[in-house]
Amino acid sequence: DAKTTQPPSMDCAEGRAANLPCNHSTISGNEYVYWYRQIHSQGPQYIIHGLKNNETNEMASLIITEDRKSSTLILPHATLRDTAVYYCIVPLENAGNMLTFGGGTRLMVKP
Amino acid sequence: EAQVTQNPRYLITVTGKKLTVTCSQNMNHEYMSWYRQDPGLGLRQIYYSMNVEVTDKGDVPEGYKVSRKEKRNFPLILESPSPNQTSLYFCASSLRSGGVNTEAFFGQGTRLTVV
Chain H
1 DAKTTQPPSM
11 DCAEGRAANL
21 PCNHSTISGN
31 EYVYWYRQIH
41 SQGPQYIIHG
51 LKNNETNEMA
61 SLIITEDRKS
71 STLILPHATL
81 RDTAVYYCIV
91 PLENAGNMLT
101 FGGGTRLMVK
111 P
Chain U
1001 EAQVTQNPRY
1011 LITVTGKKLT
1021 VTCSQNMNHE
1031 YMSWYRQDPG
1041 LGLRQIYYSM
1051 NVEVTDKGDV
1061 PEGYKVSRKE
1071 KRNFPLILES
1081 PSPNQTSLYF
1091 CASSLRSGGV
1101 NTEAFFGQGT
1111 RLTVV
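Protein chains in written order, with the working numbering: chain H, 1 to 111; chain U, 1001 to 1115.
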């Protein structure tokens, strides 16, 4: 089971890029990395996922290192509405791909 | 609109009075699950279902039951609620492709208080 490690909190200035790191050094070759975020007490929201290649969608970019032991979620122009807890998750294959939410990174976007 | 709908959003009940929290999704997803969220403990999975009539325990199943008689519905049943089940509950669903769950959609949550 690949466990993830994230910094507990980060600050970012509004309009600047937010770079959220995640360490998943025990990830296996066919396990994906998923990112979700939770704004206040709302339901978690899917952001992006990837296996090996870098990925980009309308919300964010995901950069995965070549050895796949870490990744970075990039919000290119953070807004106040991006203030949330961000979770990096490697689903557990032997438990029906269960999403195990760790502590995540609390991102505070400041004016 | 693709969504996961939970009801009720808020519920206050008394110890021992059976209750059901409903969850419905309109995306024809095979995989559904329930989580609870408590301060300092994060989101923990209660039960999950890989398809109709297939359910399994998550990390914290004690005190809960589920059923999956139809693909779209996955109710969470508390036969005899206790105060330690006071929590924020989320239902989620996702499509399975190649044995892997794709992005999960979460409901808006049910805040349950047991007194």
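For every residue, glycine included, the Cβ atom is placed at its ideal position computed from N, Cα and C.
* To do: Return the Cβ separation of L80/H and C12/H in integer angstroms, given the expectation that the two are a contact with Cβ distance under 8 Å.
  => Residue 80/H sits at position 80 when you count from the first residue of the first sequence. Residue 12/H sits at position 12 when you count from the first residue of the first sequence. With 8 Å as the limit, L80/H and C12/H do not qualify as a contact, their Cβ atoms being about 10 Å apart.
* **Rounded C-alpha distance that separates V33/H from N19/H** => Taking the first residue of the first sequence as 1, we reach residue 33/H at position 33. Taking the first residue of the first sequence as 1, we reach residue 19/H at position 19. Their backbone Cα atoms lie some 16 Å apart in a straight line.
* Between L1095/U and the rest of its own chain, which residues show a CB-CB distance below 6 Å, the 5 nearest in sequence each way excluded? -> Along the second sequence, read from residue 1 onward, the residue named residue 1095/U stands at position 95. Within the same chain, H1029 and T1102 come within 6 Å of L1095/U by CB-CB distance, once the 5 residues on both sides are set aside.
* Asked: Which two residues bound the contiguous beta strand (DSSP E) that contains N23/H?
  -> In the first sequence, residue 23/H corresponds to position 23, counting from 1. Boundaries of the beta strand (DSSP E) harbouring N23/H: A18 to N23, taken from the DSSP string.
* Can you tell which of G1058/U, G1063/U and E1079/U has its C-alpha closest to the C-alpha of K1017/U? -> One-based indexing of the second sequence puts residue 1017/U at position 17. Nearest C-alpha to K1017/U: E1079/U.
* To do: Go through its chain and collect everything with a Cβ distance to I27/H's Cβ below 8 Å, but skip five positions before and after it.
  => As a working note, residue 27/H is residue 27 in the first sequence. Around I27/H: A2, V33, R68, K69 and V90.
* Quick one: give me the first and last residue of the beta strand (DSSP E) that S1049/U is part of. => Here residue 1049/U refers to the residue found at position 49 when the second sequence is read from its first residue. Segment G1042 to N1051, the beta strand (DSSP E) holding S1049/U.
* Asked: Roughly how many angstroms separate the alpha carbons of V1054/U and R1072/U, rounded to a whole number?
  -> As a first step, residue 1054/U must be located in the second sequence, where it is residue number 54. As a first step, residue 1072/U must be located in the second sequence, where it is residue number 72. C-alpha separation (whole angstroms): 13 Å.
* Classify D82/H as buried or exposed, calling it buried when 16 or more other Cβ atoms lie within 10 Å of its own Cβ. => What you label residue 82/H is simply residue 82 of the first sequence in a count that begins at 1. Looking at its Cβ environment, which holds 16 or more other Cβ atoms inside 10 Å, D82/H is buried.
* Asked: Which residues in chain U sit within 7 Å of S41/H, going by Cβ to Cβ distance?
  -> On the first sequence, position 41 is the one that residue 41/H refers to. Ordered by position in chain U, the residues that pass the 7 Å Cβ test against S41/H are L1088 and G1109.
* To do: Could you pull out every residue in the same chain whose Cβ sits closer than 6 Å to the Cβ of T72/H, ignoring the five residues on either side in sequence?
  => As a position in the first sequence, residue 72/H is number 72, starting the count at 1. Same-chain partners within the cutoff: N19, P21 and I63.
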